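Q: My questions will all concern the structure given below.
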Amino acid sequence: MGKVILVTGASRGIGKSIVEAILNTSDDAVVYGVARSEAPLKEIKQRYGDRFFYVVGDVTDGVVLKTLVDDAVKGHGKIDSVVANAGVIEPIQNVNNIVVDQWKKLFDINFFSGVSLVGIALSYLKETHGNIVFVSSDASDTYFDCLGAYGSSKAALNHFAMTVAKDEKSVKAISVAPGIVDTQMQGVLRDNTAMPDEALRSFANLKSESKLDDCSVSATVYAKLVLNGIPDQLNGKYVSYNDESLKTFQT
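Residue numbers (the numbering used here): 1 to 251.
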C-alpha cells in the first residue's frame, strides 16, 4: 500500500496543489483532505476517484479533525504523513488597531488547528515513523506592514515543528515557507485598505509584474517531503521551499 496522507485546507490554493502534486507524483498514494467548501473537494474526488477522500468542515473543530483521522485509519489502516496547510491572513492590522478576538480566531485556524491535528494523529504517525509538514510563511521571520497576526502565527508553527521533532523521536516534522505565491491571500492583500500606500503598491506590483509563483512550485516540495520523508538534518527546522537544503525536493 502507498502512503496515506492528510492535508488541511485542501480545496484551493497551495493546499489543492499539494493534493494534486502528491497524487500526480505517486501512483499509489492516497490523500484525505479537509476544507469548508465541498464543491472543489468534489471536483478533486471526481478526478482521482478512490485515491482522494474528504471531510467537509472547519479545521478549528476537533470533531472534524478526528473524523478526518478516523476515516483515514478505517479506510486505509494507517497515516503516513500530515500537511498542516489551512490558514487565513486576516486580520490585517497595525499594532495600534489590534482587535484581540480577531487575532485569536486567526491563531485558532493557522496554529491551533495544526496542534490539534498533531495531537489526534500522533499515535498513528508514530506507528509509521511518519512526517508532519507545516506550511509556514516568510512573514514568520520578516516584518510586513499590518501582518503581525499572520506572521506570529506562522512563527508559532515553526517553533511547534521543532517541539514535535524534539519531543517525539519516531516522527519527523518541518516547517516550510512557500514563497510569494499567486493565491487568494495575495488578492486580499491587494484589496486591503489598512496597509500604508507603499505596502499596497508593493503587493500590487508583484501581481502586475508577474513575480508571483504558481502554487505548483512550492506544492512539489511539500508533496515530495511527505512522500519521500523529511531528511534527518532538516528535522525540526524552518526553511524556505527554495532553500538549497531542499534542492532534491524542488523538481
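Even glycine gets a Cβ: it sits at the ideal position worked out from N, Cα and C. Only a predicted model underlies this, so the values are computations on that prediction, with no experimental measurement involved.
Any idea what DSSP makes of Gly236, helix, strand or coil?
A: Here residue 236 refers to the residue found at position 236 when the sequence shown is read from its first residue. In this structure, Gly236 counts as coil in the three-state DSSP scheme.
Q: Whose CA, out of Thr183, Phe134, Phe144, lies closest to the CA of Met162?
A: In the sequence shown, the residue the question calls residue 162 occupies position 162. The candidate whose alpha carbon is nearest that of Met162 is Phe134.
Q: What first and last residue would you give for the beta strand (DSSP E) that runs through Phe111?
A: The sequence position of residue 111 within the sequence shown is 111, counting from 1. Unbroken run through Phe111: none, as it is neither H nor E.
Q: In terms of alpha-carbon separation, which member of Leu23, Val4, Asp232 lies closest to Lys78?
A: Mapped onto the sequence shown, residue 78 falls at position 78. Minimum Cα distance to Lys78 is reached at Val4.
Q: By the three-class DSSP mapping on this structure, what secondary structure does Thr220 have?
A: Working through the sequence shown from its first residue, we reach residue 220 at position 220. Helix.
Q: Extract the residue ranges of the alpha helix (DSSP H) inside the region 68-113, only unbroken runs of 4 or more that lie entirely within it.
A: Segments of the alpha helix (DSSP H) lying fully in the region 68-113: 100-107.
Q: By the DSSP assignment, the alpha helix (DSSP H) with Lys166 in it spans what residues?
A: For this step, residue 166 is matched to residue 166 along the sequence shown. Residues 148-167.
Q: What is the rounded straight-line gap between the Cα of Gly130 and the Cα of Phe107?
A: Within the sequence shown, numbered from 1, the residue matching residue 130 stands at position 130. Within the sequence shown, numbered from 1, the residue matching residue 107 stands at position 107. Those two C-alpha atoms are separated by around 25 Å.
Q: So which of Val239, Leu122, Leu6 has the shortest CA-CA distance to Asp167?
A: Counted from its first residue, the sequence shown places residue 167 at position 167. Nearest C-alpha to Asp167: Leu122.
Q: Is Gly114 closer than 8 Å to Phe53 when the C-beta atoms are compared?
A: Locating residue 53 in the sequence shown gives position 53, counting from the first residue. Locating residue 114 in the sequence shown gives position 114, counting from the first residue. Not a contact, by the Cβ cut-off of 8 Å.
Q: Look at the alpha carbon of Val55 and the alpha carbon of Gly236, and state the distance between them as a whole number of angstroms.
A: For this step, residue 55 is matched to residue 55 along the sequence shown. For this step, residue 236 is matched to residue 236 along the sequence shown. If I take the Cα positions, the gap works out to 28 Å.
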